[in-house]
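Chains R and U, in that order, give the protein sequences. One point on numbering: in our numbering, the residue at position 198 of the first sequence is 198, and numbering is uninterrupted. One point on numbering: in our numbering, the residue at position 24 of the second sequence is 24, and numbering is uninterrupted. Ideal placement from N, C-alpha and C gives every residue a C-beta, glycine not left out.
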Amino acid sequence: MYELISAALRLASPLALTALGGVVSERSGIIALHLEGVMLTGAFVAAAAAKATGNAIIGLFFGAIAGGMIGLLHAFLTQRLKTPHMLSGVGINLAALGMTTFALRQSSDLYESAPQIAPVVIVLLAALGAILVSFALSRTTVGLRLKSCGENPVAARSAGIPVVRLRYEASFFSGILAGTGGAALSLVGLGAFTENMTAGRGYIALAAVIFGKWSPIGAVGAACLFGLGDALQVTMQTLGWATILPPDLLTLLPYAITLIALTLFRGGVAPHALGIIDGDDS
Amino acid sequence: MTGAVLKTARRSCLSLVIAFLLGGALIASLQHDIKAPFAAYNALFTGAFGSSSSWANTLRQTMPLLLTGMAVAVALSAGLFNIGAEGQMAVGGLAAAVAGYGLKDVLPGYCLLPFSCMVGALAGAVWATPPVLLRVTRGVHEVITAILFNYIAQNLTRYLAAYPLKDPAGQAPQTPEVGATLPRLWAAYDVHAGLPLALILVCLFAWALRYTVWGYETRAVGQGKGAAEAAGIAVRRVQVTAMLLSGAIAGLAGAVLILGEVPFRRFPADFYGVGYGFDGLAVALLASGSAWGVIPAALLFGGMNAGAEAMAFSVGTPKQIVQVIQGILIVAISATAGLTPIRRNFRSDSVDADGRENHKADVRID
Numbered sequence: 001m002y003e004l005i006s007a008a009l010r011l012a013s014p015l016a017l018t019a020l021g022g023v024v025s026e027r028s029g030i031i032a033l034h035l036e037g038v039m040l041t042g043a044f045v046a047a048a049a050a051k052a053t054g055n056a057i058i059g060l061f062f063g064a065i066a067g068g069m070i071g072l073l074h075a076f077l078t079q080r081l082k083t084p085h086m087l088s089g090v091g092i093n094l095a096a097l098g099m100t101t102f103a104l105r106q107s108s109d110l111y112e113s114a115p116q117i118a119p120v121v122i123v124l125l126a127a128l129g130a131i132l133v134s135f136a137l138s139r140t141t142v143g144l145r146l147k148s149c150g151e152n153p154v155a156a157r158s159a160g161i162p163v164v165r166l167r168y169e170a171s172f173f174s175g176i177l178a179g180t181g182g183a184a185l186s187l188v189g190l191g192a193f194t195e196n197m198t199a200g201r202g203y204i205a206l207a208a209v210i211f212g213k214w215s216p217i218g219a220v221g222a223a224c225l226f227g228l229g230d231a232l233q234v235t236m237q238t239l240g241w242a243t244i245l246p247p248d249l250l251t252l253l254p255y256a257i258t259l260i261a262l263t264l265f266r267g268g269v270a271p272h273a274l275g276i277i278d279g280d281d282s
Numbered sequence: 001m002t003g004a005v006l007k008t009a010r011r012s013c014l015s016l017v018i019a020f021l022l023g024g025a026l027i028a029s030l031q032h033d034i035k036a037p038f039a040a041y042n043a044l045f046t047g048a049f050g051s052s053s054s055w056a057n058t059l060r061q062t063m064p065l066l067l068t069g070m071a072v073a074v075a076l077s078a079g080l081f082n083i084g085a086e087g088q089m090a091v092g093g094l095a096a097a098v099a100g101y102g103l104k105d106v107l108p109g110y111c112l113l114p115f116s117c118m119v120g121a122l123a124g125a126v127w128a129t130p131p132v133l134l135r136v137t138r139g140v141h142e143v144i145t146a147i148l149f150n151y152i153a154q155n156l157t158r159y160l161a162a163y164p165l166k167d168p169a170g171q172a173p174q175t176p177e178v179g180a181t182l183p184r185l186w187a188a189y190d191v192h193a194g195l196p197l198a199l200i201l202v203c204l205f206a207w208a209l210r211y212t213v214w215g216y217e218t219r220a221v222g223q224g225k226g227a228a229e230a231a232g233i234a235v236r237r238v239q240v241t242a243m244l245l246s247g248a249i250a251g252l253a254g255a256v257l258i259l260g261e262v263p264f265r266r267f268p269a270d271f272y273g274v275g276y277g278f279d280g281l282a283v284a285l286l287a288s289g290s291a292w293g294v295i296p297a298a299l300l301f302g303g304m305n306a307g308a309e310a311m312a313f314s315v316g317t318p319k320q321i322v323q324v325i326q327g328i329l330i331v332a333i334s335a336t337a338g339l340t341p342i343r344r345n346f347r348s349d350s351v352d353a354d355g356r357e358n359h360k361a362d363v364r365i366d
């Protein structure tokens, strides 16, 4: 039981960090479908930097910054070039998958293990992030302004709030959180980057945002639930349940839990201006 | 009309140039060689269109892309983004393989072949049903549910092909060989009857979208749900129909691949991930939602896929660079789209908690 809970926390914390990033981005009005690509880039850059410097903390830092950069790119594409958010997200994810795999093939030493980070660090970071984001969104000026950009940008702009700049900042910060989540994947436990190592966790994190009704605490709670599903699957495999239920069916579990959760408990309301492209009318 | 087509074509070409330039910069920086992109692109082009066998290879890769590209385009024309084509294709392929083997002693070959294709298409449509139903009834965005269904399809088909449906005679995790296969067009090359079939279907789709009531309603919903609803069109019915059709075409793509291509003729456990479903997204976007545009776009991507293998073999540039170029291409096309059908499809796309559509296009934000 103790092992199950610790495995759940370990598996949930990267998801929780990413889901927090998703909340920040979506509350500002930007659909966070790019989280998968952010996580993957964060995981890759963190492993590469940790390997190069021999220091896992530096790896984590660079992974977070790389995630922030992808966040800025998504904001640039959606706010400046007015790309539909979903398409920008799909494009970023596809390019991130191709680019990390391409770079992995070019530098074979990344297959060896890099310095690692203790899982407890990531769990603490996720808890800290949850408190920070939750406090910032509900109690600070910048948080309230950010939410106004996602709810009613027209009103926000007439109140003198620089909507687009705030969205850039939100997307950068969101990328830092999700990049940290991705870095946690490659730096904890395995200590190496593998091809497509996120395997859809960015999408699951986005599902956690929706399931958590766009609130930071709700999203983290949902991430913990999905982490528990993941942990159940891992524990069942190590306990030898594989003879009863084959591994392929067990790995299906987290996705199925996410789907059932989305089907049964949908009740939140998305930020009103989520994904609306500035100046599009008719 | 011609002006609009020219504009679309020009935008697609511009996006292609951007994507190849950025891809070239990436090759040069990662291989530390300024000449590397030229060698890589040369190998890519020669591998795609350099000889009759590379042309055959390109056409072999184009066939499934015509179908998956059309599948995504059908959904797109009704304002839905079918990112689940890959999963629907895997499920369709498995169903066709099972039907093609299970009924081979019951039905004669000329009946078995169309029947297996139909079973594959049906399975693809079934797999597309939950995401679109969740969209129209519960308001969960179809992109998220379809992605989750992809993962489930991947694990489920792998399990089924490796355990309950495995060929007991062999060691490899795959289903037994099917009883009837699609005939080749030329004896020397692996280009089979799936290619003309796919072309006919694309033409049929282009015609139906333009000249039938179904096509009119679908386009109306795709261009603006609010206006379509006000005109008395049953928006939800149109969207469900479009998604089921999209899933059926993706399932058919899987069936035709399994029943036609030489390395298959049975469903291997690792079939999910052949990538034609995801490439179909890029093909449909490159075609900008136009039905006819699917043909050149599929040919281009087929050529890129065929050339990528040759490029990896002859100059050692990893073939994933093609994936990078495709990702950049999607972003470049949608960023330069302006107010074209693609852009309209994604504009007022959110749904509130009760599943009612929010027609936010009415809100102007600047």
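Chain U residues whose Cβ lies nearer than 8 angstroms to that of residue i
i: isoleucine 92 of chain R; result: Gly327 and Val331
i: alanine 205 of chain R; result: Near alanine 205 of chain R there are no residues of chain U at all, since even the closest Cβ is about 11 angstroms away, more than 8 angstroms.
i: threonine 101 of chain R; result: Pro318, Gln320 and Gln323
i: arginine 105 of chain R; result: Pro318 and Gln320
Short Cβ contact (8 angstroms threshold) for residue i with residue j
i: valine 274 of chain U; j: leucine 66 of chain U; result: no
i: phenylalanine 205 of chain U; j: alanine 291 of chain U; result: yes
i: glycine 124 of chain U; j: alanine 250 of chain U; result: yes
i: serine 54 of chain U; j: tyrosine 189 of chain U; result: no
i: leucine 17 of chain R; j: alanine 178 of chain R; result: yes
i: leucine 4 of chain R; j: threonine 235 of chain R; result: yes
i: threonine 180 of chain R; j: threonine 100 of chain R; result: no
i: alanine 56 of chain R; j: isoleucine 117 of chain R; result: yes
i: glycine 254 of chain U; j: glycine 47 of chain U; result: no
i: leucine 113 of chain U; j: alanine 198 of chain U; result: no
i: threonine 194 of chain R; j: leucine 134 of chain U; result: no
i: glutamine 174 of chain U; j: proline 268 of chain U; result: yes
i: serine 88 of chain R; j: valine 331 of chain U; result: yes
i: phenylalanine 211 of chain R; j: alanine 222 of chain R; result: yes
i: asparagine 408 of chain U; j: alanine 43 of chain U; result: Residue 408 of chain U is absent from the model: chain U starts at 1 and stops at 366.
i: glycine 69 of chain U; j: asparagine 150 of chain U; result: no
i: glutamine 239 of chain U; j: alanine 282 of chain U; result: no
i: serine 174 of chain R; j: glycine 275 of chain R; result: no
i: valine 315 of chain U; j: alanine 40 of chain U; result: yes
i: arginine 266 of chain U; j: aspartate 167 of chain U; result: yes
i: leucine 73 of chain R; j: alanine 205 of chain R; result: no
i: methionine 86 of chain R; j: leucine 33 of chain R; result: yes
i: alanine 96 of chain U; j: tyrosine 272 of chain U; result: no
i: alanine 75 of chain R; j: tyrosine 168 of chain R; result: yes
i: serine 28 of chain R; j: leucine 144 of chain R; result: no
Amino acids of chain U, ordered along the chain, whose beta-carbon sits closer than 9 angstroms to that of residue i
i: glycine 200 of chain R; result: Ile147, Leu148, Asn150 and Tyr151
i: threonine 230 of chain R; result: According to the sequence displayed, residue 230 of chain R carries aspartate and not threonine. The contacting residues do not exist; aspartate 230 of chain R stays about 12 angstroms from chain U at best.
Sheet register partners of residue i (DSSP bridge)
i: proline 268 of chain U; result: U/Gln174
i: histidine 192 of chain U; result: U/Arg184
Listed by chain order, chain R residues near residue i by CB distance under 8 angstroms
i: isoleucine 83 of chain U; result: Val90
i: serine 334 of chain U; result: Thr83, Pro84, Leu87, Ser88 and Gly91
i: leucine 281 of chain U; result: Val90
Partner residues on chain U for residue i, Cβ-Cβ distance less than 7 angstroms
i: alanine 95 of chain R; result: Val324, Gly327 and Ile328
i: proline 246 of chain R; result: Tyr159 and Tyr163
i: glycine 227 of chain R; result: Residues of chain U passing the Cβ test: none, with the nearest at roughly 16 angstroms.
Contact test: residue i Cβ vs the ligand PLP heavy atom, cutoff 7 angstroms
i: alanine 335 of chain U; result: Questions concerning the ligand PLP fall outside what the structure shown contains, since it holds no ligand whatsoever.
Self-check item: Every unbroken alpha helix (DSSP H) inside the stretch 14-50 of chain U [4 residues or more]
Solution: 36-49
Self-check item: Under 8 angstroms (Cβ pairs) to chain R, residues found in the stretch 152-168 of chain U
Solution: Ile152, Asn155, Leu156, Arg158, Tyr159, Ala162 and Tyr163
Quiz item: Looking at chain R, which residues of the stretch 20-39 of chain U have a Cβ within less than 8 angstroms of any of its Cβ atoms?
Solution: Leu26, Leu30 and Gln31
Quiz item: When you check each C-beta in the stretch 218-247 of chain U against every C-beta of chain R, which residues fall closer than 8 angstroms?
Solution: none
Quiz item: At what residue ranges does the stretch 212-275 of chain R contain a whole run of the alpha helix (DSSP H), taking only runs of 4 or more?
Solution: 216-238, 247-250 and 253-264
Quiz item: What are the residues of the stretch 251-264 of chain R that lie near chain U, defined by any Cβ-Cβ distance shorter than 7 angstroms?
Solution: Thr251, Leu252, Tyr255, Ala256, Thr258, Leu259, Leu262 and Thr263
Exercise. Note down, in chain order, all residues in the stretch 115-143 of chain U with a beta-carbon under 7 angstroms from any beta-carbon belonging to chain R.
Key: Leu134, Arg138, Gly139, Val140 and Val143
Quiz prompt | Contacting positions in the stretch 128-151 of chain R - beta carbon closer than 9 angstroms to chain U | solution = none
Quiz item: What are the complete alpha helix (DSSP H) segments, minimum 4 residues, inside the stretch 125-210 of chain R?
Solution: 141-151, 153-158 and 163-187
Quiz prompt | Residue ranges of each alpha helix (DSSP H) within the stretch 216-284 of chain U, 4 or longer | solution = 225-230 and 235-260
Quiz prompt | Near-chain U residues of the stretch 26-52 of chain R - C-beta to any C-beta below 8 angstroms | solution = Leu33
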